[in-house]
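There are 2 protein chains.
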Amino acid sequence: MSTPMLINFTGGAIGEWRVTAQDCLAGTALAPVTRLSLAPPVAGAAWTLRGTTSNHRYTEAHEATALRAAQEGLGRPEARQAAMIAIRKTDAWWALAQDERRAIFEAESHHIAIGMDYLPAVARRLHHSRDLGEPFDFITWFEYAPRDAAAFDHMVDRLRATAEWRYIDREVDVRLSRS
Amino acid sequence: MSTPMLINFTGGAIGEWRVTAQDCLAGTALAPVTRLSLAPPVAGAAWTLRGTTSNHRYTEAHEATALRAAQEGLGRPEARQAAMIAIRKTDAWWALAQDERRAIFEAESHHIAIGMDYLPAVARRLHHSRDLGEPFDFITWFEYAPRDAAAFDHMVDRLRATAEWRYIDREVDVRLSRS
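Sequence order for the protein chains is A and B. Position 30 of the first sequence, counting from 1, maps to 30 under this note's numbering, and the rest follow consecutively. Heads up, this note's numbering is the position in the second sequence plus 179, with the first residue counted as 1.
This is the structure we're talking about:
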């Protein structure tokens, strides 16, 4: 995970993932699409969101150790469902100092702890977009088996009820399936 | 500072800043140039380094308050000297968790505290490059009056003697002057 990797999330009519739901929870929606591709963007796409994997921004050593022990990687054969959740945080969030953001993120909102409750069922990869000049700050990609879809919904509901989510002013949630 | 701003540092034969010294302290050097421009890159440049301003990564609230009270902005008429210091950190650094990096950065190396000792004489702006896929991770831009050049050298010497600098495997230091 050490070297940043640029990923393109391209919505349109082609791609390995079929869109089963596309919701806008805050701010401006994305144009509705039927397919999503994580391959390099192609002509005729409705939109492409870019993000890079990067180093941890809030995770502390004890949390990183616990995550590494419990999480599974992307691409598991049984993980035929996915979600792409793109969020933008407010100017007020970004004006906070590191310790203030960490306090909201974990001490108050338990973001890492909530995610831990759904490991190893839900695999995830976070992509940073803000410094690329993109319309969202983060794109998180999740993969899980159909039997874990309800658990995934529960996790997302818990996160959206946290103090951290009060700093989110744009959120698009795309659910996906592959055959 | 809340919205990231992309800056191009272009070395070549044109630009508002004249190169007075160009040193490589670790890793591979940059091609020698006579001028540096912070305007959008032009044809014929020897190299362009890109970086974005961004949110604080280590600075805590009490430190941010102290910095805001003491620092001055770029572009002061008397600040006719500048330095562009580009660094890359090792894979070992980026594999550390947030608390481990913060401990090296400030508790052990006093990076913020050392910089504070040279305020308001030395104005600075940090640019993040790693997530852009650039050859360096950070580009720091400093401006100071000619009378403060010795103090600036002293600050850089102190930083290079810290534990944090053991995680730096490429460093280029370009000193500049404008008329």
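Don't be surprised by glycine CBs; every beta carbon is placed ideally from N, CA and C.
Those residues which DSSP pairs with residue i across a bridge
i: M263 of chain B; result: B:W320, B:V353
i: Q201 of chain B; result: B:V353
i: A123 of chain A; result: A:E143
i: H307 of chain B; result: B:T231, B:F317
i: W196 of chain B; result: B:L215
i: W226 of chain B; result: B:G190
Limits of the unbroken alpha helix (DSSP H) element including residue i
i: T244 of chain B; result: 240-249
i: F9 of chain A; result: Segment 6-12 is the beta strand (DSSP E) holding F9 of chain A; no alpha helix (DSSP H) there.
i: L215 of chain B; result: Premise fails: L215 of chain B lies in the beta strand (DSSP E), 214-216, not in any alpha helix (DSSP H).
i: I114 of chain A; result: 111-116
i: F331 of chain B; result: 328-339
i: R101 of chain A; result: 98-102
i: A274 of chain B; result: No alpha helix (DSSP H) holds A274 of chain B; DSSP gives it neither H nor E.
Any chain A beta carbon closer than 8 Å to residue i
i: Y237 of chain B; result: yes
i: L185 of chain B; result: yes
i: G312 of chain B; result: yes
i: Q260 of chain B; result: no
i: A265 of chain B; result: no
i: Q201 of chain B; result: no
i: E279 of chain B; result: yes
i: A218 of chain B; result: no
i: T227 of chain B; result: no
i: L274 of chain B; result: Correcting the residue identity first, residue 274 of chain B is Ala in this sequence and not Leu. By this cut-off, A274 of chain B is an interface position.
i: T207 of chain B; result: no
i: S141 of chain B; result: No statement about residue 141 of chain B is possible, as the shown extent of chain B runs from 180 to 358 and does not include it.
i: A300 of chain B; result: no
i: A240 of chain B; result: yes
Beta-carbon proximity list for residue i, same chain, < 8 Å, skipping 5 on both sides
i: H110 of chain A; result: T162
i: W344 of chain B; result: S288, L338
i: V122 of chain A; result: G115, F142, E143, Y144, D148, A151, F152, M155
i: M227 of chain B; result: Residue identity check: residue 227 of chain B is Thr in the sequence provided, not Met. The residues are N187, F188, T189, G190, P220.
i: W196 of chain B; result: R214, L215, S216, L217, A261, L355, S356, R357
i: E313 of chain B; result: L228, R229, G230
i: L74 of chain A; result: A123, R125, W141, E143
i: L132 of chain A; result: R50, G51, T52
i: A31 of chain A; result: G11, A46, W47
i: A274 of chain B; result: none
i: A271 of chain B; result: Y346
Other residues of its chain near residue i: CB distance less than 6 Å, five sequence neighbours each side excluded
i: A324 of chain B; result: E257, A258
i: A83 of chain A; result: F142, R175
Residues near residue i by beta carbon distance below 7 Å, same chain, minus five either side
i: A205 of chain B; result: I347, D348, R349, E350
i: D137 of chain A; result: I87, R88, K89, S129, R130
i: R352 of chain B; result: Checking the displayed sequence, the identity of residue 352 of chain B turns out to be Asp instead of Arg. So the list reads D202, L204, A262, I264, once near-sequence residues are dropped.
i: E360 of chain B; result: In this structure chain B extends from 180 to 358, so residue 360 of chain B is not present and cannot be described.
i: F284 of chain B; result: Y237, H290, E343
Interface flag, residue i vs chain B, CB-CB below 8 Å
i: Q221 of chain A; result: Residue 221 of chain A lies beyond the range of chain A shown here (1 to 179); nothing can be said about it.
i: W141 of chain A; result: no
i: D169 of chain A; result: no
i: R130 of chain A; result: yes
i: D173 of chain A; result: no
i: S109 of chain A; result: no
i: A64 of chain A; result: yes
i: A113 of chain A; result: no
i: W165 of chain A; result: no
i: T34 of chain A; result: no
i: D117 of chain A; result: no
i: D91 of chain A; result: yes
i: S177 of chain A; result: no
(message) Taking 8 Å as the cut-off, does the stretch 150-165 of chain A touch the stretch 56-68 of chain A (at least 3 CB pairs, one atom from each stretch)?
(response) At 8 Å Cβ cutoff, the stretches do not touch.
(request) Would you check if there are 3 or more beta carbon pairs closer than 8 Å linking the stretch 180-187 of chain B to the stretch 137-152 of chain A? (result) Contact between the stretch 180-187 of chain B and the stretch 137-152 of chain A is absent: fewer than 3 CB-CB pairs across the two stretches fall below 8 Å.
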